[in-house]
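Chains as they are written, first to last, in my numbering: chain S, 2 to 365; chain D, 2 to 336; chain G, 1188 to 1766. Beta carbons: idealized from backbone N, C-alpha and C, even for Gly. Predicted model only: the values in this text are computed from it and were never measured. To start, the structure itself, in structure tokens.
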Amino acid sequence: MTDLSKTGAAVGEPVRAAEAPETFLEVRDLKVHFPTDDGLVKSVDGLSFQLEKGQTLGIVGESGSGKSVTSLAVMGLHRLGNRGKNVQMSGEIWLDGKELVSASPDEVRRLRGRQMAMIFQDPLSAMHPYYTVGSQIVEAYRVHHDVDKKTARKRAVELLDRVGIPEPNKRVDSYPHEFSGGMRQRAMIAMALVNNPELLIADEPTTALDVTVQAQILDLIRDLQKEFGSAVIIITHDLGVVAEIADDILVMYGGRCVERGPVDKIFYEPQHPYTWGLLGSMPRIDREQTDRLIPVKGQPPSLINVPSGCAFNPRCPYADIPKGGITRTERPELREVGGRHFTACHLSQEDRTRIWTEEIAPKL
Amino acid sequence: MISYIIRRTIAAVILLLVVTAVTFGIFFLLPRLAGQTPDQLAAQYIGKNPSPEDIAAVKANLGLDKAVYEQYWDFIKGIVSGATYNLGPTTAKCEVPCFGYSFKNHTEVWPQLVDRLPVTASLAAGAAVLWLLSGVAAGVISALKPGSVFDRTAMGVALAGVSLPMFFTGQLALLVFSYQLDIFGRTYVPFTENPSQWANTLFLPWCSLALLYSAIYARLTRSGMLETMSEDFIRTARAKGLKERKVVLKHGLRAALTPIVTVFGMDIGLLLGGAVITESVFSLPGIGQYAVQAITDNDLPPILGVTLLAAFFVVLCNLVVDVLYATVDPRVRLS
Amino acid sequence: MAVVAAISSAGMLLAGCSKADDNGDNGGNGAGANAATKEVVNASTEKGGTVTYAMSDVPDSFDPGNTYYAYMYNFSRLYARPLLTFQPAPGEKGNEIVPDLAESKGQSSDGGKTWTYKIRKGVKFEDGTEVTSADVKYAVERSNFARDVLSLGPNYFAQFLDGADKYKGPYKDKSTKGISSIQTPDKYTITFKLSQPFADFDYLVTAPQTAPVPRAKDTGVDYTKKIVSSGSYKFESYQEGKSVTLVRNPEWDPKTDPLRKQYPDKIVVNLKVNQATIDKDLMAGTTTVDLAGRGVDTQTQAQLLNSEDQKANTDNTYGGRLVYAAINTKVKPFDNVECRKAVQYAIDKVAVQTAQGGPVRGDVATTVLPPDVIGYQKFDAYPTEGNKGDAAKAKEHLTACKQPNGFKTYIAARSDRQQEVDAATAIIDSLKKVGITAEMKQYPSGKYFTDYAGVPTFTEKQGIGIIMMQWGADWPTGYGFLNQILNGKAISQSGNTNLSQFNNAEVNKLLDEAIQNQDESARNAAYAEVDKKTMDEAVIVPLTYFKVLLYRSPNATNVVSSAAWSGQYDALNLGTTKK
């Protein structure tokens, strides 16, 4: 616990009193811990970020890095269901002037689906197999709008049409299994957008889809964002997905933010060795099939026994460069390295610049 | 859909034929393999100390002197086109479907079955409603709060319900609530005659039977709910901002019910074939009691009749379940 | 079983409670233990009420021409009047034959080969038509000569009537002439012509097979459902395997019937009722009589006997049956009478009695004829102290048999009759003490006579020297009881009941002559002599005179336990105080 408070203080911005921020969405020192029989799982451990309307934030990281838990926590979904019974959560989540962590579950429920909506990874399992696509969209609409079924259905057809589903009048009565993967994801997006949410969270929206469809879906999300002016969070393990679409990128590792900054900075001046690894594993059309996807070597860290010092140190090829084994004893703080660009790394600025320009960039 | 049902019906008829053949084989052939001769079968229809002349006469009258396949053929022919039986001065026409004639009881099997079916159906239907409601409700509540006091209590009761034999719980219930407290009657009255007395007599059998099944259904529902409640679509439902109650009942239970519907259909089919123990314990004049009687009497036509009827209901309920499955789960296509 | 015990013990609690009103002497309202075997209990001429019978099984048939059980012979008289019947009287007085449909007992001529009965005038079926001799003739024909369909009753008439082998029966021989050896010279006279003299013929016509059946209404196997009554009650409803309801027969005329009084309004028979339930309902007063009359179940028995109060409502009566061990004279060394005598002395009959459930289930027997059968004389050819056996005497006879060290043999018993198996085990223990090693062979009761014990070639081949047996007569005379188990002519190759294969010229002659003898006392003397001779030859070891424990409902009126019905309560005039 002492460790918690210490690391909490180490986050870039100081923890302020609980007063409403100017920004549309602001997350401050968010911690989501799950007690299990094996120990406390620190899924998110002191995360802060902001997002304005009309902006897109990409949260990138391996599975288990805490990116999905972060999105569920924002939605208030982390504590529903059996796993969420004993969840420990602290910090603040401000959405349009309302604080969600301390809000009652019912207050959060009322916002859910209306002010904030979510697109899930696998639309086949995320949609109820026994109800038609239309009825599921209608349901989402009628939770928050007191309208009759006919009106809601019209709205569903309209949305299906908008997300590019042909013959929406007919398809509205189809079941999810009767849709193709891309169509399903479009329907899922329609369902999420039916209430004009101001915050849209897309959790791995393209992972289950093939490459050509991926691009279409991302285009769709971008178009819709422009049209609706919502804030969008895209969660992905693949930097490539967010390269085109995100304004800011937040790289998570072991429940924490290791690098955050505008998309250009992340792609052209990445500061953290883990970000370098992610860039290396990014698929690119101009590369050969064989050396495609160089994964970051090693296993993601245990969230119960997070490595001491820098959580990334067991996998970091440069862990020994800083003197005195500091990478293994002291947790690096998130420091600003440029305009709105932060990173948490013990390497000196010179080392980072040298390694990036000499060793990493040429291989990409 | 229609062609599916037709094909399934044809398959069902073939299956029933196989069932009759096997049953016929078991009850006619096995005793012979064990050394029981047609003479001994015939001797059962004769009073004390049967004489060889009597045996020969009865054997010829019952057709027991014919080859087994001939007897089987006669049986099948009876179902399709009826049969006649020699009563002495006259013959009795056994109408289609003729399931045989019990010379032990001087009755045709089919009217007996028809006569007794309402009793068994009453028992099965009442018990089914009870166990489905209580079992599913207990299962759902348990699943929503696994490890809670309710969950532990309900699952403990369920374990007891599964483990305690009906002839214990049933007899105990009879003793306490009927003999001692005199709350419930013991003589079956048809619903059409007196609905309140009908329910009064059937209440204990319903509860006893339901206890057994609701235990199974509670466990089934609980595990099904635990599984579906962790499905992605449940998260989606919650993400829409649905109230938890609606999430559980409309999304969770709906999906968890599918396997329960299957099991339920099969159970109903089996029960209609005769709730043997319940009917024996509570002296209900249903199919099960008829079957028990036929077996103790070694009375072959009723045994065959009950087996065939039971098989029919199992096959029928199977078909119903399959069709139902397709309506419950749109992903299933009947073809 | 545990549940039955629980129910019974709960009943015991109730019984214990009611003990508070015990008035000391005979207890409660009960007429006293065994009262109905000595007197008419609760004699009453009051009319009304419903007498309820219950049975754990179903009768073989309600059709008087298609049944073979004493309780149905008894019960069927309510709706079917045989020519003669037994007097409704307690104990052995019930063995006396009285006229029923006939005006008097049979007139025999031709040395007992011809029997003539005069039928009462004015007796009517329930449909108002008069009963005639032709209806009686037809009833005998259908019950004895249509064995392919009506096979459940005995066919003694077919065995004794002259020219029976040529008659095909009324269903195949459609001519109304019928069998020529039953003659109906007029509407009220019926004459039976037998192939040989038969002195017990009056007993034969007590069978319900002589109760009239109108030919036009006979539906063969189905007649049981549509019986046309000639008695004081008629069928109101017949529900196969469930229940039967009898109501007063308005066509019945008391002037034609000295026996029936038509007391209750209604008689209901509930079938397929659990035995424990029957016992409980009897004690609760909701059931008047257990139709089968086989006695209460063991749980109830303990409960009844432990309470003086309840015991006063019981009758522990003989069942007209002997439990015995037949010694197979065709299996060595039992061909030697000395070896048979050794067994007679060796068996501890008290141990056997205990194994069967104690004195309430039977008295120790020393004769072949039970005390409730006509012709019984008390004697004991092999007395031992306290009936516990005498090893010393047994060994003397073993020595005389040239088997001083004993021998080995087999004993047959019915596997599904636990009491019989237990009794056989007690016998094995007794025999072991004198050096005879007997090993039990168990067979299912359904095939006991047809395949095993009743097949002489089988028992000889298997070396089965001792065969467990229970025997009751079809009619309560010495001949009825003895002929089938002792006459050498009764030995058959299958379904044999003369299990000892006893073929003694003297015994055969005594039996054959007795049945032709018109003098009843001479006949009975002959039966006693057969009994003694049999015991001298030691071919049967009488074990117990079978007894049943009946519960006599305090609600029941005019209750008599009659020897003629194996101790069951006579059905004719049973009434009830419960209205």
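- With fewer than 16 other Cβ atoms from the protein chains shown falling within 10 Å of its own Cβ, S/Ser309 counts as exposed.
- By the neighbour-count criterion, in which 16 or more other beta carbons inside 10 Å mark a residue as buried, G/Gln1705 falls on the exposed side.
- Nearest neighbour of D/Gly242 by Cα position, chosen from S/Tyr275, S/Ala141, S/Leu280, turns out to be S/Ala141.
- Flagged as an interface residue toward chain D: G/Leu1339, by a C-beta distance shorter than 8 Å.
- The three-state reading of DSSP puts G/Ala1276 in coil, since its state is none of H, G, I, E or B.
- Flagged as an interface residue toward chain S: D/Pro331, by a C-beta distance shorter than 8 Å.
- It is roughly 37 Å from the alpha-carbon of S/Leu58 to the alpha-carbon of D/Lys146.
- Secondary structure remark: continuous alpha helix (DSSP H) runs of at least 4 residues inside the stretch 1454–1503 of chain G, in chain order: 1462–1471, 1485–1492, 1495–1498.
- Residue pairing by DSSP places S/Glu100 opposite S/Trp95 in a beta bridge.
- Within the DSSP secondary-structure output, S/His34 pairs in a beta bridge with S/Lys43, S/Gln89.
- Per DSSP, the unbroken beta strand (DSSP E) holding S/Val252 starts and ends at 249–254.
- S/Lys151: not part of any beta strand (DSSP E); member of the alpha helix (DSSP H) spanning 150–163, first to last residue.
- Within the same chain, no Cβ atom closer than 6 Å to the Cβ of D/Leu173 is found once the five residues on either side in sequence are excluded.
- From the beta-carbon of S/His145, the residues of chain D found nearer than 8 Å are Gly242.
- Interface criterion not met: the Cβ of S/Met90 is under 8 Å from no Cβ in chain D.
- In the DSSP annotation of this structure, the continuous segment of the beta strand (DSSP E) that includes S/Leu58 starts and ends at 57–61.
- DSSP places S/Leu201 in the strand class (E or B) of the three-state scheme.
- DSSP places S/Trp357 outside any alpha helix (DSSP H), giving it a letter other than H or E.
- Per DSSP, S/Phe268 is one residue of the alpha helix (DSSP H) stretching across 264–269.
- The alpha-carbon separation between G/Ser1231 and G/Pro1441 amounts to approximately 17 Å.
- Per the coordinates, the alpha-carbon of D/Val120 lies some 7 Å from the alpha-carbon of D/Leu285.
- Inside the stretch 1389–1461 of chain G, DSSP marks whole beta strand (DSSP E) runs of 3 or more residues at positions 1420–1426, 1430–1435, 1453–1457, from first to last along the chain.
- The beta carbon of G/Asp1609 is closer than 6 Å to those of Ala1542 in its chain, skipping five residues each way along the sequence.
- Closest by C-alpha distance to S/Ala188, out of S/Asn170, S/Ala209, S/Ile202, S/Ile166, is S/Ile166.
- Collapsing the DSSP output to three states places G/Leu1270 in coil.
- Residue nearest to G/Asn1221 within the set G/Ala1692, G/Arg1307, G/Lys1765, G/Ala1750 is G/Ala1750 (criterion: CA-CA distance).
- Excluding its 5 nearest sequence neighbours in each direction, G/Arg1447 has C-beta neighbours in its own chain below 6 Å: Ser1419, Leu1759, listed in chain order.
- Assignment of S/His178 by DSSP, reduced to helix, strand and coil, places it in the helix class.
- Between D/Ala256 and D/Thr297, the gap from beta carbon to beta carbon reaches 8 Å or more.
- In terms of beta-carbon proximity, D/Glu232 lines the interface with chain S, with at least one pair separated by less than 8 Å.
- For S/Pro169, the enclosing alpha helix (DSSP H) covers residues 169–172.
- Its chain contains Val28, Leu251 as the residues whose beta carbon lies nearer than 6 Å to that of S/Phe50, once the 5 sequence neighbours on both sides are disregarded; these appear in chain order.
- Its chain contains Asn1457, Val1460, Ile1465, Asp1468, Thr1474, Asp1477, Leu1478 as the residues whose beta carbon lies nearer than 7 Å to that of G/Ala1241, once the 5 sequence neighbours on both sides are disregarded; these appear in chain order.
- Among the CB atoms of chain D, none fall inside 8 Å of the CB of S/Asp97.
- Of the residues assessed, S/Gln89 falls on the exposed side of the cut-off, its CB having fewer than 16 other CB atoms within 10 angstroms.
- Nearest to G/Lys1359 by alpha-carbon distance, out of D/Leu301, D/Ala58, D/Pro331, D/Gly157, is D/Ala58.
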